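J.: Pasting a structure here, questions to come.
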Amino acid sequence: MNDMYDTCPPVRPSIRTSQTRVSLTNPQPSLDAKVVIMGSAGVGKTSLVMRYVEGRFGQTTTTTGAFFYSKKATVDGTKVRLQIWDTAGQERFRSMAPMYYRGASAAILVYDITSASSFEDVKLWIDELKRNCDPDLLIYIVGAKADLAAQGQRIVTSDRARLALHTWFPPPPPPISYSAATTAPGTPKTEGVYDSRYDRAPTQSDG
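Residue 163 in the UniProt record's numbering sits at position 163 of the sequence shown; the count goes up by one each step and never skips.
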């Protein structure tokens with residue numbers, strides 16, 4: 001994983017034994033994986049997505065409802081079509097969230113490392129996903145704006161994040177892992193966050 005990640009050990013390896021295996025001697029199928037991006041308003045969700053999908057940073061506007069992005073990639077010789085839903089974080093759009101995370105293979109929950117309240121909101125999103133989604137849903141927690149840590153603005157430390165995950169869930173721990181990423185211009189790319197999702201997510205074959 002590249003230098004943009006302050007990676008913590010996953011709570012539990014999130015590779016499932018039911019993952020599709022394809023013979024290397026046969027043509028690889030095309031697979032779909034739906035990923036939903038969730039978190040409070042202004043934490044850097046859209047910047048994270050734009051950096052991955054388009055390889056650039058730019059001025060972003062507040063997301064209304066949700067934006068849809070598609071990204072094609074190849075994982076271990078298999079073509080993957082990643083369907084990314086960037087959802088709005090404002091409270092007034094909260095009731096719309098189920099239509100976006102329904103059927104998702106993975107959820108990326110984003111918080112701002114300089115905002116304690118945005119990290120506390122992660123627990124609310126986790127509770128909602130546990131109530132309404134398949135128990136095999138993969139959840140990835142990302143601390144955004146990690147570049148601000150060097151400026152002394154970090155409020156939520158990686159140790160606090162790891163401790164919270166163990167506190168929020170009784171053993172055995174769920175398929176949740178944690179990482180921190182920068183969301184500012186001039187910083188390394190964000191492929192690692194998404195690669196870990198579609199490399200492990202359940203997928204559907206297009207044949």
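Yeah, the Cβ is synthetic: ideal placement off N, Cα and C, and Gly gets one too.
Predicted, not measured: the structure shown is a model, and the values here were computed from it.
Quick check on residue 70: does DSSP put it in helix, strand or coil?
T.: In the sequence shown, the residue the question calls residue 70 occupies position 70. Residue 70: strand per DSSP, three-state reduction.
J.: Smallest Cα separation from residue 44: which of 99, 134 and 114?
T.: Working through the sequence shown from its first residue, we reach residue 44 at position 44. Out of 99, 134 and 114, 114 has the C-alpha closest to the C-alpha of residue 44.
J.: So, helix, strand or coil for residue 165, using DSSP?
T.: Residue 165 sits at position 165 when you count from the first residue of the sequence shown. Correct three-state label for residue 165: helix.
J.: Using the three-state DSSP reduction, which class does residue 76 fall into: helix, strand or coil?
T.: For the purposes of this step, residue 76 is identified with residue 76 of the sequence shown, where counting begins at 1. Residue state, collapsed to three classes: coil.
J.: I'd like to check one pair, residue 39 with residue 111: are the Cβ atoms closer than 7 Å?
T.: For the purposes of this step, residue 111 is taken as residue 111 along the sequence shown, with counting starting at 1. For the purposes of this step, residue 39 is taken as residue 39 along the sequence shown, with counting starting at 1. The answer is yes: Cβ separation under 7 Å.
J.: Can you give me the C-alpha to C-alpha distance between residue 145 and residue 102, rounded to a whole angstrom?
T.: One-based indexing of the sequence shown puts residue 145 at position 145. One-based indexing of the sequence shown puts residue 102 at position 102. Roughly 28 Å separates the two Cα atoms.
J.: Does DSSP put residue 128 in a helix, a strand or coil?
T.: Locating residue 128 in the sequence shown gives position 128, counting from the first residue. DSSP places residue 128 in helix when its eight states are reduced to three.
J.: Can you give me the C-alpha to C-alpha distance between residue 130 and residue 86, rounded to a whole angstrom?
T.: Here residue 130 refers to the residue found at position 130 of the sequence shown. Here residue 86 refers to the residue found at position 86 of the sequence shown. Near 19 Å, if we compare the C-alpha coordinates of residue 86 and residue 130.
J.: With the cut-off set at 7 Å, would you say residue 32 and residue 81 are in Cβ contact?
T.: In the sequence shown, counting from the first residue as 1, residue 32 sits at position 32. In the sequence shown, counting from the first residue as 1, residue 81 sits at position 81. In this structure, residue 81 lies closer than 7 Å to residue 32 by Cβ.
J.: Pull up the distance between the alpha-carbon of residue 158 and that of residue 126, whole angstroms please.
T.: Position 158 of the sequence shown, counted from the first residue, corresponds to residue 158. Position 126 of the sequence shown, counted from the first residue, corresponds to residue 126. Each residue's Cα considered, the two are about 18 Å apart.
J.: How is the alpha helix (DSSP H) around residue 97 delimited, first residue to last?
T.: On the sequence shown, position 97 is the one that residue 97 refers to. First-last of the alpha helix (DSSP H) with residue 97: 97-101.
J.: Hey, could you find the ends of the beta strand (DSSP E) residue 110 is sitting in?
T.: Position 110 of the sequence shown, counting from 1, holds the residue named residue 110. 106-112 is the extent of the beta strand (DSSP E) around residue 110.
J.: Quick check: what's the CA-CA separation for residue 109 versus residue 164?
T.: As a position in the sequence shown, residue 109 is number 109, starting the count at 1. As a position in the sequence shown, residue 164 is number 164, starting the count at 1. Cα-Cα distance, rounded: 14 Å.
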